[in-house]
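There are 2 protein chains.
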Amino acid sequence: MEKFDYSTLSFKSLKTLKLIYEQGSLTAAAIELGQNQPTVSYTLEQMREALQDPLFVRSGRGVAPTSRCHQIMPEIEKLIRGMSELLQPENFEPVSARLDITLSCNQYELQVIVPNLVQRISRLAPHIRMTFIQSHVSGHQQLQRGQCDFLLSPVIHDYEALYQRALFQDRYVCLISTVHPLARQQIGRDDYIAAKHLEIHYEGGWKPFYLSAPELQGTNLNIALRLPSVSNFLSTIAGTELVITLPERLAHQIGGAMQIKEPPFSSRFELCLYWNKMTHHSKAHQWFREQIIEVCRELDSPEQGLRGK
Amino acid sequence: MEKFDYSTLSFKSLKTLKLIYEQGSLTAAAIELGQNQPTVSYTLEQMREALQDPLFVRSGRGVAPTSRCHQIMPEIEKLIRGMSELLQPENFEPVSARLDITLSCNQYELQVIVPNLVQRISRLAPHIRMTFIQSHVSGHQQLQRGQCDFLLSPVIHDYEALYQRALFQDRYVCLISTVHPLARQQIGRDDYIAAKHLEIHYEGGWKPFYLSAPELQGTNLNIALRLPSVSNFLSTIAGTELVITLPERLAHQIGGAMQIKEPPFSSRFELCLYWNKMTHHSKAHQWFREQIIEVCRELDSPEQGLRGK
DNA sequence: GTGCTGTAATCAAATTTTTCCATAATAGAT
DNA sequence: ATCTATTATGGAAAAATTTGATTACAGCAC
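This is how it looks when you write it as structure tokens:
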């Protein structure tokens with residue numbers, strides 16, 4: 001006598017059993033199922049073997065459930081309901097959804113995108129817990145390893161395993177003190193090269209895009225100061241004659257009273273949202289992606305955001 | 001795009017999914033299942049179709065679950081557990097079991113068996129609720145229709161659809177007042193026929209067995225009084241000269257001070273327990289049948305019963 | 001980059017399971 | 001006792017699962 005394994009049983013068997021129970025007849029159950037009677041008989045035979053009980057016995061015109069059958073029928077119905085629910089398309093309600101989402105990005109995105117994003121999410125989906133980690137230079141790795149759900153980055157990650165969506169463009173500008181000699185004139189290439197610069201040097205040795213602008217090739221900038229991040233740099237360099245080259249949106253946010261000037265080169269770049277296969281089909285993540293996109297759209301037309309209030 | 005029906009899915013699919021999840025690899029899952037890798041791949045493909053999600057994506061050496069997969073895995077585990085429990089052999093613990101059992105019988109059994117049975121069951125299985133109904137003459141019908149779980153009856157029900165078990169034998173005796181003229185002598189056939197009788201007439205026109213004793217054929221008993229039941233008959237007939245013919249065990253129980261005399265015929269009969277296919281395999285009912293048998297055994301040797309206390 | 005390695009996906013063939021049709025057995029009902 | 005409605009059984013047909021061989025793919029080492 002071989003030991004019975006639940007694996008061989010299917011939900012169809014359970015459904016059949018339930019129908020026999022409800023109809024009190026194999027024939028009726030067969031019609032209901034669109035099968036013919038021997039098929040139902042065969043299925044019942046399997047279940048009898050599995051459960052070691054006749055389950056139904058002939059009685060009048062039809063069959064009557066045994067004591068065991070009565071006993072297990074609630075459990076069977078529970079299993080059937082469970083399976084139907086499993087097949088329900090994932091439903092996601094922002095207001096009630098509880099889940100964790102991890103985003104990887106760097107200083108720029110933390111400064112430019114994240115504040116608005118956090119505002120928006122905690123308003124629309126208060127039970128989503130967000131975690132932000134630093135990308136440094138390995139954002140794509142983090143994403144591929146599942147260490148984060150999303151990556152916000154201007155770097156082009158052209159792995160085909162990754163999905164991406166452009167969010168907005170930005171470009172580098174120069175930020176100088178209003179009392180700087182260059183403050184009243186256009187900055188030419190020679191002015192720029194001659195000036196003293198503040199350079200933000202990132203972990204992992206990443207170099208800002210503007211350094212690869214064709215106009216600057218073959219030159220050596222006069223770096224007077226290096227800082228590891230833009231945070232709090234204003235007070236650090238107040239009154240100095242340093243030139244800081246940084247993305248325009250960042251300049252607007254943290255430039256304070258300093259003057260924004262056109263640099264002697266053009267270096268546009270695009271900020272992208274990246275995600276991977278693991279979250280691609282998830283309704284929750286789909287919604288979250290839309291929120292990021294919407295937040296970025298509002299950056300370009302801020303008044304739009306208030307309408308939704 | 002056809003709508004998906006849970007019926008096509010089996011528990012094996014769920015088990016496979018769970019194993020892939022645990023192992024992070026189709027190959028490993030296949031080995032665990034004793035199948036080969038394309039089989040697992042095929043099963044996964046089915047589930048992907050059903051759940052409309054990749055469930056697992058290639059990642060490093062193996063696969064990583066998607067967000068949806070993480071989400072549904074607890075539910076899948078619940079379903080697997082539910083199914084395993086369903087296949088567990090029915091377990092029955094008298095002390096904790098809650099169930100209803102209906103027994104059909106008549107006055108005789110209510111008087112002779114039921115008191116001890118109720119005592120025993122409420123001691124061993126306090127949560128079994130017993131219901132007693134009257135058999136009248138249709139006990140076998142009640143049983144076949146599932147109106148009761150057990151029938152206690154001396155009548156031979158030789159339907160092959162019914163199971164039966166002999167419990168004990170009994171025979172008819174005469175009960176007379178101690179001051180009756182016959183009280184000091186053996187009752188002969190002529191004495192019996194000449195005497196005035198109390199007859200219990202049952203519903204449905206059922207006639208007691210002793211009336212079909214060969215010794216009484218062709219005779220007419222002198223019936224002086226008919227009662228519909230033996231209950232309380234003692235006070236009714238106190239001091240009269242009536243002869244009452246009734247089963248010995250009943251006579252002992254309700255005869256009070258009256259005298260038990262050998263009748264001028266022999267009429268043994270057997271009391272049986274009957275049940276049907278519906279309850280035959282049920283552990284609870286099996287146990288209950290044993291209790292009935294035990295109670296009846298103790299009727300013949302009452303001191304045995306006390307030892308168990 | 002290029003090849004190497006371990007893994008998942010795909011394909012056609014073999015196998016097993018399920019379904020079907022016809023028919024026998026069975027239990028109530030007339 | 002016969003009739004009728006129903007379940008069980010047996011063999012053939014259909015469908016599904018499983019297999020082995022192969023291809024495609026992603027990560028890793030060089």
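These protein sequences, in sequence, are chains S and R.
With the numbering used here as the guide, the letters of the first sequence map in order to residues 1 to 309.
With the numbering used here as the guide, the letters of the second sequence map in order to residues 1 to 309.
All C-beta atoms, glycine included, are put in the ideal place defined by N, C-alpha and C.
Remember, predicted model here, so these are calculated numbers, not experimental data.
The beta carbon of L234(R) lies closer than 6 Å to those of G256 in the same chain, with the five residues before and after it left out. Taking 8 Å as the CB threshold, Y6(R) lines the interface with chain S. Between P115(S) and R189(S), the C-beta gap is not smaller than 8 Å, which leaves the two residues out of contact. Residue state for E199(S) is assigned as strand, using DSSP reduced to three classes. Among the residues facing chain S, Q71(R) is included, as its CB has a counterpart in that chain under 8 Å away.
When the alpha-carbon of L299(S) is set against those of N220(S), T8(S), L117(S), the nearest one is in L117(S). When secondary structure is reduced to three states using DSSP, N220(R) falls in the coil class, being assigned neither helix nor strand. With three or more CB-CB distances shorter than 8 Å, the region 64-77 of chain R counts as touching the region 45-53 of chain R.
Put simply, the region 190-197 of chain R does not touch the region 128-135 of chain R. Fewer than three CB pairs are less than 8 Å apart. Cα atoms of Q37(S) and E45(S): separation of roughly 12 Å, rounded to the nearest angstrom.
DSSP assignment within the region 207-284 of chain R yields the following whole beta strand (DSSP E) runs of 3 residues or more, N-terminal first: 222-227, 243-247, 259-261, 268-276. In the DSSP secondary-structure assignment, D300(R) is not bridged to any residue. If you draw a straight line from the Cα of A213(R) to the Cα of Q88(R), it is about 53 Å long. In this structure S104(S) is buried. Its beta-carbon is surrounded by 16 or more other beta-carbon atoms within 10 angstroms.
Taking T66(S) as the centre and dropping the five residues before and after it, the same chain places the C-beta of D53, P54, L55, F56, V57 closer than 8 Å to its C-beta, in chain order. Using a CB distance below 8 Å, the part of the region 62-90 of chain R facing chain S consists of A64, P65, T66, S67, R68, Q71, I72, E75, I76, K78, L79, I80, G82, M83, S84, E85, L86, L87, P89, E90, ordered along the chain. Looking at F168(S), Y21(S), K261(S), the one whose alpha-carbon comes closest to that of I113(S) is F168(S). Three or more pairs of CB atoms, one per stretch, sit closer than 8 Å, so the region 172-181 of chain R contacts the region 232-248 of chain R. Its chain contains V137 as the residues whose beta carbon lies nearer than 8 Å to that of G205(R), once the 5 sequence neighbours on both sides are disregarded; these appear in chain order. Straight-line spacing of the CA atoms in K15(R) and Y6(R) works out to 15 Å. Between the alpha carbons of V230(S) and H252(S) lies a distance of about 13 Å. Per DSSP, T8(S) lies in no alpha helix (DSSP H) segment and is marked neither H nor E.
The beta carbon of M83(S) sits closer than 7 Å to those of F11, all from its chain and outside the five residues before and after it, given in chain order.
Between L250(R) and P154(R), the C-beta gap is not smaller than 8 Å, which leaves the two residues out of contact. For L9(S), the nearest CB of chain R lies under 8 Å from its own CB, placing it at the interface with that chain. Listed in chain order, the non-local C-beta contacts of P181(R) below 7 Å within the same chain number zero, local neighbours out to five positions each way being set aside.
Annotated three-state conformation of P54(S) is coil, per DSSP. Judged by their CB atoms, R120(S) and V295(S) are nearer to each other than the 8 Å cut-off. The bridge partners DSSP lists for M130(S) are I101(S). One Cα belongs to E262(R), the other to P228(R), and the distance between them is close to 24 Å. Within the region 16-74 of chain S, the alpha helix (DSSP H) runs of at least 4 residues that lie entirely inside it are, in chain order, 26-33, 37-51. Per DSSP, the continuous alpha helix (DSSP H) segment holding V118(R) begins and ends at 114-124. By the Cβ-count criterion, Q185(R) is exposed, with fewer than 16 other Cβ atoms from all chains shown falling within 10 Å of its own Cβ.
For I193(R), the enclosing alpha helix (DSSP H) covers residues 189-194. In this structure, DSSP gives S96(R) a state outside helix and strand, which the three-state scheme calls coil.
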